[in-house]
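I have placed the structure first, in the form of structure tokens, so that the comments after it can refer back to it.
See the structure below:
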């Protein structure tokens with residue numbers, strides 16, 4: 712009778728432990744959903760951080776444009792009035808010294824110029840003016856040039872400088888060195904314009920995987936958020952490992968080695 716009771720007690724202990732093991736394994740589906748909710752929350756938080764970083768990045772471009780735009784405009788204005796090479800050289804040297812303070816590398820002055828469309832009216836007016844001044848020879852020459860495949864002296868656009876701050880802000884944002892600052896800070900370029908694009912960006916998958924790895928969830932290399940199947944397998948493996956570790960600790964405490 713004593714042996715029966717002892718065996719019964721041992722079996723109940725074993726059965727209770729086995730039931731605990733199976734109950735943990737039975738939570739796999741719920742744990743997968745819980746972890747996936749964590750993933751969505753992490754993506755949402757990452758998107759908010761990225762939006763904030765982009766706003767700050769654009770604000771720096773605007774601030775720099777307000778400082779350097781007037782200086783660049785003044786440089787072109789003064790250079791346009793130069794009547795000697797020494798004047799041009801002096802202003803060019805001043806520009807290069809000043810622009811390096813922007814911290815975005817050596818930017819050629821021509822980068823800040825913009826194309827301006829020349830209207831048909833302006834072209835015609837200039838042509839007529841030239842014709843009057845040359846007794847019609849200029850107009851005749853341009854007509855011949857146009858018939859032989861040239862542009863007849865007409866210009867579609869010209870390169871000009873401007874004092875518009877918005878222009879300098881756009882040009883600063885377009886500089887590779889400036890764009891790289893955002894990539895270095897966030898891991899994303901400036902062209903990620905919506906949540907869907909951010910969610911599917913490779914860097915988002917890498918950051919999420921890193922967060923999950925810190926929680927003990929091992930995902931395959933190059934895992935993508937689009938691969939929910941691999942994610943579920945990883946969660947299932949983690950839950951089973953946790954259940955097995957708890958089981959092994961309990962049976963080791965009792966000096967036995969039995970599977971659940």
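Residue numbers (this note's numbering): 712 to 971. Even for Gly, the Cβ is constructed at its ideal location relative to N, Cα and C.
Can you tell me the Cα-Cα spacing of residue i and residue j, whole angstroms?
i	j	result
residue 906	residue 759	9 angstroms
residue 753	residue 923	10 angstroms
residue 792	residue 814	28 angstroms
residue 937	residue 801	58 angstroms
residue 820	residue 939	51 angstroms
residue 911	residue 897	15 angstroms
residue 960	residue 892	50 angstroms
residue 773	residue 787	20 angstroms
residue 925	residue 952	16 angstroms
residue 771	residue 783	17 angstroms
residue 956	residue 744	22 angstroms
residue 932	residue 757	21 angstroms
residue 804	residue 767	32 angstroms
residue 796	residue 812	25 angstroms
residue 930	residue 785	57 angstroms
residue 755	residue 794	59 angstroms
Is the beta carbon of residue i less than 8 angstroms from the beta carbon of residue j?
i	j	result
residue 769	residue 895	no
residue 818	residue 810	yes
residue 901	residue 765	yes
residue 903	residue 739	no
residue 779	residue 824	no
residue 781	residue 914	no
Take residue i and list the residues in its own chain whose beta-carbon comes closer than 8 angstroms to its own, dropping the five residues that flank it on each side.
i	result
residue 844	Residue confidence is low: residue 844 scores 43 on pLDDT, short of 50, so the model does not pin down where it sits. No coordinate-derived value is stated.
residue 927	949
residue 750	919, 923, 936, 942
residue 944	none
When DSSP labels each residue in this structure, what does residue i get in the three-state scheme?
i	result
residue 933	coil
residue 870	strand
residue 926	coil
residue 828	strand
residue 954	helix
residue 798	helix
residue 698	There is no way to answer for residue 698, as the model of the chain reaches only from 712 to 971.
residue 960	helix
residue 746	helix
residue 792	coil
residue 878	helix
residue 816	coil
residue 768	helix
residue 898	coil
residue 893	helix
residue 811	helix
residue 938	coil
residue 738	coil
Sorted by chain position, which residues of the same chain lie with C-beta nearer than 7 angstroms to residue i's C-beta, five sequence neighbours on each side aside?
i	result
residue 934	916, 920, 941
residue 776	876, 879, 880, 883
residue 790	799, 802
residue 851	Because residue 851 sits at a pLDDT of 43, beneath the cut-off of 50, its placement in the model cannot be relied upon, and the following sentence gives the value as read from the coordinates. Nothing meets the Cβ criterion.
residue 890	900, 901
residue 822	882
Which residues in the same chain have their Cβ closer than 6 angstroms to the Cβ of residue i, if we skip the five residues on either side of it in sequence?
i	result
residue 807	none
residue 762	none
residue 816	888
residue 987	Because residue 987 is not part of the residues shown, which for the chain are 712 to 971, the question remains open.
residue 886	815
residue 742	946, 950
If you measure from the beta carbon of residue i to each beta carbon in chain C, is any gap under 8 angstroms?
i	result
residue 755	Protein chains in the displayed structure number just one, and chain C is not present.
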